[in-house]
Structure formats: C-alpha cells, structure tokens
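The opening residue of the sequence shown carries number 1 in my numbering; numbering runs sequentially from there.
We put the CB at the ideal spot given by N, CA and C, even for glycine.
A quick note: this is a predicted structure, and the numbers were derived from the prediction, not measured.
All remarks here apply to the structure that follows.
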Amino acid sequence: MAGLLEGKKGLILGVANKRSIAWSIAQSASREGAQLAFTYQGDRLKENVEELASTLPGSIVLPCDAMQDDQVESVFKKLDETWGGLDFMAHCIAYAKAEDLAADYLQTKKDGFDTALGVSAYSLTALSQRAVPLMEKRGGGSILTLTYLGGQRVSPRYNVMGVAKAALEQSVKYLAYDLGPKNIRVNAISAGPINTLAARGIAGFQEMLKINREKSPLRRNTEPEEVGDTAAFLFSSWSRGITGEIIFVDGGYNILAV
Ligand code: NAD
Ligand code: 0WE
C-alpha cells in the first residue's frame, strides 16, 4: 500500500541526536514515503545530523540557527532550487538559558526572556514567513510545532519556557487564521515529558517521568514514536480539516485534576 505521505517534501528543524523528537517525526514521515530536508544548529551538531539523515536516502542537510536571518533565508532558497516547493515543516526548536530553568520565574531578566521567546516562539513565525511561498506552489501545506503543558499550566521551573510556549501556542492560532485561505494548516503537538537532550539535566526530570507513568490515563510515558506518528497524520490529508489546534500526545495526562 502506498504511504500516507508519498510524493511529499518536508523540512524538519531541531534534530540534535537520535533521541530528538524531531528525529522520531522524521522516521514516521519517511516511513510514510516523504522526502526530507534537515537543519542543524551550529557545526557541533553537523556530523550527528548528517549521519542520521544518511540513513534516509535522498535527504538534504542544511545549517540553520533560527536566530540567524541569513541562514534561515538560505535554507528556503536551497529548497526552492532543489524541490521547487514544500509540503510540510516541523519546528522542533526550543531554548532558554539554563539559569532561567533553575530559579524562580520571578527572577527572569529581560535578556533571558528575549532569548527564550525569540528562539522558542518567534522562530515559528519567521520560518513560516519563508515557508509560505514554497507551500503556495504546492497548493497548500502543513506546519507543525512542539509544545508542552507548561505553556498552559504552571510546571515548576519550566518558567520562562512556559511563557514562551504560551506565545508559541497562540502564534499557532494566529498563523492558522492568516494561512487558512492559502490551504496551509498550522498545528502543535503538546507532548508529555520525554527523555531527550533538552530534558537531560533538568533537576527532577526522572521524578516527572515517574509521576507521568503512574498518573496518566494510559499509565505509561509518552514515546517519541507516538509523537512521530501523530505528526505524520498532521502532515497528511487525513487531517485536512484540522488547523489551529494544540493536540495532546501525553497519554491523557492533561485531562487530570487532583
Ligand atoms: P532536543 O534537544 O533533541 O531538541 C531541541 C532542538 O532545538 C535541538 O536540536 C537544538 O539544536 C534546537 N535549537 C535550540 N536553539 C536553536 C536555534 N537557535 N536554532 C536552531 N535550533 C535550535 O530536545 P526535544 O525534547 O526533542 O525538543 C524538541 C521540541 O520538543 C522543543 O520545542 C521542546 O520544547 C519540545 N517538547 C519536548 C518535550 C520533552 O519532554 N522532551 C515535551 C514537550 C515538548
Ligand atoms: O521544552 C522542554 C525543554 C526545553 C529546554 C531545555 C533546556 C535544557 C538545557 C529549553 N532550554 C534549555 N536550556 C538548557 O540550557 N521540555 C518540555 C522538557 C522539560 O524541561 C523542563 C520540564 C520539561 C518537561 C524544565 C523544567 C520543568 C519541566
């Protein structure tokens, strides 16, 4: 049977290593027949991403620090030259200064606030601006970002990242409104806690995984493959009626009260 994403071209931003949620999204999309382009942030991650991408034949690998306008610009120039269009984009990028995930939110400085909101929230809008013309050439598209429950509720020490995710989630809705007439859909997956590079070193993260495993309706932790398969659905025409949504892939944890 033909894959769900046969003939589609997609851009995946935010692979750091094999544990990255972005990599699980890439594997699901590739399994369903999509051709992929990857970006990496800085030379430190270049080899990692090239090695992973080489396992998916026909992949493109490009540098892209989301805060560098020239790098963002050249990604879409390259995709336009090689593919002449784009069907989907997965934005899997977040960053806050470590110090801002350790103290109280009250202590957040302007610089830390701007960094977290710039990298984790504004970058979706900046990237979407460049993706739109390529998606229009294909008669539409699907844009996806990743968020966390800490953008809607208080998750202790998620702090300025929670404020950034709130801005990101609302950006999803405004972008969905703007891009609907172009048949471009914009959605977010709100994933449960997953042991990735970005989660490593967060004080108490193992305890969070334990609570999630014990309390969530599905009584297990979220697997990155579950996020990947939901992403493939959101890239596909099976989700053609869905835009501006925050879809929880968290074993149902978000529905609970005490
Ligand atoms: P990860 O560390 O594998 O991925 C984070 C990525 O962000 C890295 O590839 C990093 O290079 C990239 N990045 C950071 N700053 C960047 C910049 N300036 N330009 C370009 N790229 C930049 O960790 P992950 O957990 O896979 O995170 C991916 C997304 O999933 C993030 O948005 C995160 O908030 C979200 N998320 C994670 C969890 C979790 O528990 N791990 C849960 C829900 C949502
Ligand atoms: O979005 C995230 C984490 C994103 C993240 C992680 C780091 C660690 C290293 C952003 N910036 C940095 N900066 C660093 O220097 N998650 C959803 C995972 C996560 O992080 C938490 C969580 C959860 C869940 C932090 C505190 C509380 C819960």
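Closest residue to residue i among the options (Cα-Cα distance)
i, options, result
"G3", "A231, I255, S236", "S236"
"A131", "V15, K46, E73", "E73"
"V186", "K78, E245, F113", "E245"
"G192", "I184, G251, Y122, V15", "G251"
"S123", "L106, I25, D87, Q71", "Q71"
"A16", "Q41, L149, I25, Q68", "Q41"
"I181", "Y148, L127, G241", "For the record, residue 181 in the displayed sequence is Pro; it is not Ile. Comparing Cα positions, the closest option is G241."
"L56", "L79, I255, Q27", "Q27"
Cβ-based burial, residue i [other Cβ within 10 Å; buried from 16]
i, result
"D104", "exposed"
"K9", "buried"
"Y174", "exposed"
"R153", "exposed"
"I211", "exposed"
"E169", "buried"
"A96", "buried"
"D87", "buried"
"I255", "exposed"
Nearest-angstrom Cα separation, counted from residue j out to residue i
i, j, result
"L13", "I21", "10 Å"
"G7", "A199", "34 Å"
"R219", "E136", "42 Å"
"F38", "G84", "16 Å"
"S239", "A257", "29 Å"
"G259", "L36", "Here the chain covers residues 1 to 258 and nothing more, so residue 259 does not appear."
"P224", "I25", "8 Å"
"L5", "D114", "37 Å"
"L11", "D178", "21 Å"
"M67", "L127", "10 Å"
"W23", "N48", "11 Å"
"S171", "V249", "19 Å"
"D69", "E214", "44 Å"
"L149", "F76", "31 Å"
"A166", "T82", "35 Å"
"Q129", "E207", "39 Å"
"K109", "G151", "19 Å"
"L79", "S142", "16 Å"
Check whether residue i and residue j have beta carbons under 7 Å apart
i, j, result
"I247", "I194", "no"
"V160", "D100", "yes"
"Y280", "S216", "Here the chain comprises residues numbered 1 to 258, so residue 280 is not present and cannot be evaluated."
"L144", "A232", "no"
"A176", "T243", "yes"
"N221", "L209", "yes"
"T196", "R44", "no"
"S120", "A102", "no"
"G139", "I184", "no"
"L134", "C92", "no"
"L117", "A164", "yes"
Chain B contact for residue i (CB, 7 Å cutoff)
i, result
"I211", "Absence of chain B from the displayed structure is noted, only one protein chain being present."
Within 8 Å, do at least three Cβ pairs link the stretch 60–78 to the stretch 194–205? no
Count the CB pairs spanning the stretch 48–58 and the stretch 226–242 that are closer than 8 Å, and state whether there are at least three. no
Is there contact between the stretch 15–32 and the stretch 147–157, where contact requires at least three CB pairs shorter than 8 Å? no
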